[in-house]
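The opening position of the sequence shown corresponds to residue 0 in numbering that gives the first Met the number 0, with each subsequent residue numbered one higher. Ideal placement from N, C-alpha and C gives every residue a C-beta, glycine not left out.
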Amino acid sequence: MLLDDKTILITGGTGSFGKCFTKYVLTHYNPKKIIIYSRDEFKQFLMQNEMKEYADKLRFFIGDVRDKERLQRAFEDVDYVIHAAALKQVPACEYNPNEAIKTNIHGAQNVIDAALDSNVKKVVALSTDKAVNPVNLYGGTKLVSDKLFIAANAYAGKKDINFSIVRYGNVAGSRGSIIPFFNSIIKNGGRELPITDYRMTRFWISLTQGVELVIKALEEATGGETFISKIPSFKITDLAKAMLPDCEMPEVGIRPGEKLHEIMVTVEDSATTYEYDKHFIVYPQVTWNDKQKINMSGKKVPDGFSYSSGNNSEWLSVEQIRELLKTVDLEK
Numbered sequence: 000m001l002l003d004d005k006t007i008l009i010t011g012g013t014g015s016f017g018k019c020f021t022k023y024v025l026t027h028y029n030p031k032k033i034i035i036y037s038r039d040e041f042k043q044f045l046m047q048n049e050m051k052e053y054a055d056k057l058r059f060f061i062g063d064v065r066d067k068e069r070l071q072r073a074f075e076d077v078d079y080v081i082h083a084a085a086l087k088q089v090p091a092c093e094y095n096p097n098e099a100i101k102t103n104i105h106g107a108q109n110v111i112d113a114a115l116d117s118n119v120k121k122v123v124a125l126s127t128d129k130a131v132n133p134v135n136l137y138g139g140t141k142l143v144s145d146k147l148f149i150a151a152n153a154y155a156g157k158k159d160i161n162f163s164i165v166r167y168g169n170v171a172g173s174r175g176s177i178i179p180f181f182n183s184i185i186k187n188g189g190r191e192l193p194i195t196d197y198r199m200t201r202f203w204i205s206l207t208q209g210v211e212l213v214i215k216a217l218e219e220a221t222g223g224e225t226f227i228s229k230i231p232s233f234k235i236t237d238l239a240k241a242m243l244p245d246c247e248m249p250e251v252g253i254r255p256g257e258k259l260h261e262i263m264v265t266v267e268d269s270a271t272t273y274e275y276d277k278h279f280i281v282y283p284q285v286t287w288n289d290k291q292k293i294n295m296s297g298k299k300v301p302d303g304f305s306y307s308s309g310n311n312s313e314w315l316s317v318e319q320i321r322e323l324l325k326t327v328d329l330e331k
């Protein structure tokens with residue numbers, strides 16, 4: 000199988016995605032080892048304790064994606080790299096733009112250079128809806144990062160390596176997102192759930208779905224693709240009703256850097272986007288080598304197509320949201 004007897008490195012591996020990916024791979028595959036590369040030794044200590052039963056398969060590297068030499072050392076004998084490290088908090092990136100650029104842009108280039116200089120076979124970088132038509136600095140840095148990973152295929156030459164991207168929005172229940180925010184209000188006895196804009200919508204994706212999309216990219220990518228899951232949308236007002244029936248919902252105004260809808264595929268992307276059973280792929284507009292191929296099992300989307308949480312064809316009802324909330328871990 001794809002990941003059996005392979006060495007996989009995850010940058011930012013102590014985060015929610017990294018932990019879920021690690022558990023998923025160790026449960027479903029038999030990798031040679033998984034290397035957790037991150038800069039927080041305490042989080043590594045916690046993760047080691049959480050996953051003691053897999054100690055023989057796990058290695059922990061202290062390092063920062065800003066440190067190219069450390070990356071090169073960590074990438075020795077690695078088959079696959081999952082790049083999840085980033086500064087993600089929108090307000091923090093606005094206030095510390097140089098730091099966001101160092102991690103999200105320069106760090107991305109360091110990962111690319113280290114992979115090209117090693118014998119890495121595949122690199123999958125995690126993207127975000129905020130990189131699409133960005134309205135904040137975080138989104139701007141991730142747009143540049145995406146472009147760097149796509150263009151990295153131009154430098155592969157005869158090397159057996161390709162770079163691809165996986166894009167999704169906020170994972171249900173992730174830190175700093177709407178579900179934990181509403182939950183904290185409810186736990187403290189609040190009866191009002193503030194809505195920034197009554198028209199606001201979001202996609203619903205679980206961590207496991209995000210992991211499965213990354214594995215699909217590892218299986219199918221030939222270089223430069225952006226993989227996007229087909230997932231349902233929900234209205235923020237319906238989320239509030241699901242979490243606290245009969246609550247008050249004052250409209251408080253949209254926050255700086257916030258969008259009404261999560262956008263995954265733009266009208267401009269439609270020229271190179273194909274639709275498959277459970278996902279879309281945006282192919283690069285430039286072909287750099289003969290390894291790049293379009294998976295013809297899908298169909299080309301019509302010109303002018305776009306995919307956002309606001310124009311989705313699949314929507315969650317209040318009752319469906321209530322059921323899905325039972326699967327969300329809010330005690331993290």
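Euclidean distance between Cα positions of N420 and I149: Since the displayed the chain opens at 0 and closes at 331, residue 420 lies outside it and no answer follows.
Best match in D196, V317, S307, E257 for proximity to D245 [C-alpha to C-alpha]: V317
Pairwise C-alpha distance: Y28 and H260: 36 Å
Supposed close pair D145, K120 - CB separation, criterion 8 Å: Actually they are not in contact, since the Cβ atoms of D145 and K120 sit about 20 Å apart, beyond 8 Å.
Spatial distance of E52 from G11 (CA atoms): 21 Å
C-alpha gap between I235 and M242, whole angstroms: 11 Å
Buried versus exposed, by CB contacts within 10 Å (16 or more), D268: buried
Buried versus exposed, by CB contacts within 10 Å (16 or more), D128: buried
Delimiting residues of the alpha helix (DSSP H) encompassing T13: Note, T13: premise wrong, no alpha helix (DSSP H); not H, not E.
Distance CB(E250)-CB(Y167) smaller than 9 Å: no
Rounded Cβ spacing between I67 and N109 (contact assumed at less than 8 Å): One point to set straight first is that residue 67 is Lys, not Ile, in the sequence displayed. Confirmed, Cβ separation roughly 4 Å.
Exposed unless 16 or more other CB atoms sit within 10 angstroms - verdict on A54: exposed
Stretch-stretch touch, CB-based, cutoff 8 Å, three pairs: the stretch 219-238 with the stretch 270-280: yes
Residue burial classification, F74 (beta-carbon count within 10 angstroms, cutoff 16): buried
Environment of Q43 [buried if 16+ CB atoms lie within 10 Å]: buried
Local Cβ density within 10 Å of I262, reported as buried at 16 or more and exposed below that: buried
Runs of alpha helix (DSSP H) lying entirely within the stretch 105-184, each at least 4 residues, in chain order: 106-115, 136-150
Helix, strand or coil at T102 according to DSSP, with G and I counted as helix: helix
Span of the beta strand (DSSP E), counted from its first residue to its last, around L57: 57-61
Beta-bridge partners of S228, as assigned by DSSP: H278
Contiguous beta strand (DSSP E) assignments of at least 3 residues, all confined to the stretch 16-50: 32-37
Given D78 as reference, the closest of D63, I253, P30 once Cα atoms are compared: P30
CB of G303 within 9 Å of CB of V266, strictly: yes
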